[in-house]
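In this note's numbering, the protein residues as written are 507 to 744. Notes for the one structure printed next.
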């Protein structure tokens, strides 16, 4: 039973569910045409790629692979349209119903946060590292399930550890699967029923700086903090 999903949000999500690839398909294209200073990595990747940024650092600091091999870490780096390590293609890989056993799917725990709290039509995503729009088959993900850890490049589809959903219930408003709506991005493979592992930027790291990882969702005063609130924008950079 999904005990936190309101009827109004369900209607909104049902409408938005047709917008795939991290909200960067139909809705993303509209945003790109109306927003002159959206930030992306290389112009080659253009609107095939997306930029993930945090509320804490702002939209000029975007997702970046520190290297390009399996196990390499991921951080937020100042955007630039010639930096291929900032090229990530948003992969809509299905709906929660494809992965939650209580909806007939397979791969996720039926008692996980995402399967309990979100409907079967909620979008599931991967971020595929794609320098100059060449997909590597490596995605931003976890090395093991249900443990706080740095984010790293792992094979896409690796036992659901590369799957994420937008946690709209803990976001700052809006659908959060489309550009400019901030929300926590939750690791779908986490088996915890509450306080799931959410994408987190650590501004205290040195090598690399602003390292991305996953940590337990951390509400303060009923609101998840800005270091766990993220948004996306389509390309190209300038």
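All C-beta atoms in this analysis are idealised placements derived from N, C-alpha and C, irrespective of residue type, glycine included.
Original post:
Applying the criterion that 16 or more other CB atoms from any shown protein chain within 10 Å of the CB defines a buried residue, is residue 700 buried or exposed?
Top reply: Sequence index remark: in the chain shown, residue 700 carries index 194 (1-based). Classification for residue 700: exposed.
Subject >> C-alpha gap between residue 604 and residue 552, whole angstroms >> reply: Mapped onto the chain shown, residue 604 falls at position 98. Mapped onto the chain shown, residue 552 falls at position 46. Cα to Cα, residue 604 sits roughly 30 angstroms from residue 552.
Subject >> According to DSSP, residues forming a beta bridge with residue 662 >> reply: For the purposes of this step, residue 662 is taken as residue 156 along the chain shown, with counting starting at 1. Per DSSP, none; premise fails for residue 662.
**OP:** Output the distance between the C-alpha atoms of residue 542 and residue 598, rounded to the nearest integer angstrom.
**Re:** Locating residue 542 in the chain shown gives position 36, counting from the first residue. Locating residue 598 in the chain shown gives position 92, counting from the first residue. Legend: pLDDT at residue 542 = 35, less than 50; position of this residue unreliable, no value from coordinates given.
Subject >> Beta-carbon proximity list for residue 643, same chain, < 7 angstroms, skipping 5 on both sides >> reply: For the purposes of this step, residue 643 is taken as residue 137 along the chain shown, with counting starting at 1. The answer, listed in chain order, is 661, 662.
Original post:
My guess is that residue 668 and residue 632 are in contact by the Cβ rule of under 8 angstroms, so how many angstroms apart are they, rounded?
Top reply: Reading the chain shown from its first residue, position 162 is the one you call residue 668. Reading the chain shown from its first residue, position 126 is the one you call residue 632. Between residue 632 and residue 668 the Cβ distance is about 5 angstroms, and since that is below 8 angstroms, they are a contact.
Subject >> Burial state of residue 623 (16 or more Cβ within 10 Å) >> reply: On the chain shown, residue 623 is found 117 positions in, with the first residue counted as 1. By the 10 Å Cβ count, residue 623 comes out buried.
Original post:
In whole angstroms, what separates the C-alpha of residue 687 from that of residue 677?
Top reply: As a first step, residue 687 is located in the chain shown; it is residue number 181 there, counting from the start. As a first step, residue 677 is located in the chain shown; it is residue number 171 there, counting from the start. When rounded, the distance between both Cα atoms is 8 angstroms.
**OP:** Report back the beta-carbon spacing between residue 738 and residue 685 to the nearest angstrom; my notes put them in contact at under 8 angstroms.
**Re:** Along the chain shown, one-based indexing puts residue 738 at 232. Along the chain shown, one-based indexing puts residue 685 at 179. At roughly 5 angstroms, the Cβ-Cβ gap stays under 8 angstroms, so residue 738 and residue 685 are in contact.
**OP:** For the alpha helix (DSSP H) holding residue 621, just list the boundary residues, first then last.
**Re:** The residue given as residue 621 occupies position 115 in the chain shown. From DSSP, the alpha helix (DSSP H) with residue 621 extends over 619-623.
Original post:
Cβ of residue 569 within 7 angstroms of Cβ of residue 558?
Top reply: In the chain shown, the residue the question calls residue 569 occupies position 63. In the chain shown, the residue the question calls residue 558 occupies position 52. Yes, they are a contact pair.
Original post:
Would you call the CB atoms of residue 562 and residue 732 closer than 7 angstroms?
Top reply: Locating residue 562 in the chain shown gives position 56, counting from the first residue. Locating residue 732 in the chain shown gives position 226, counting from the first residue. Contact flag set, yes.
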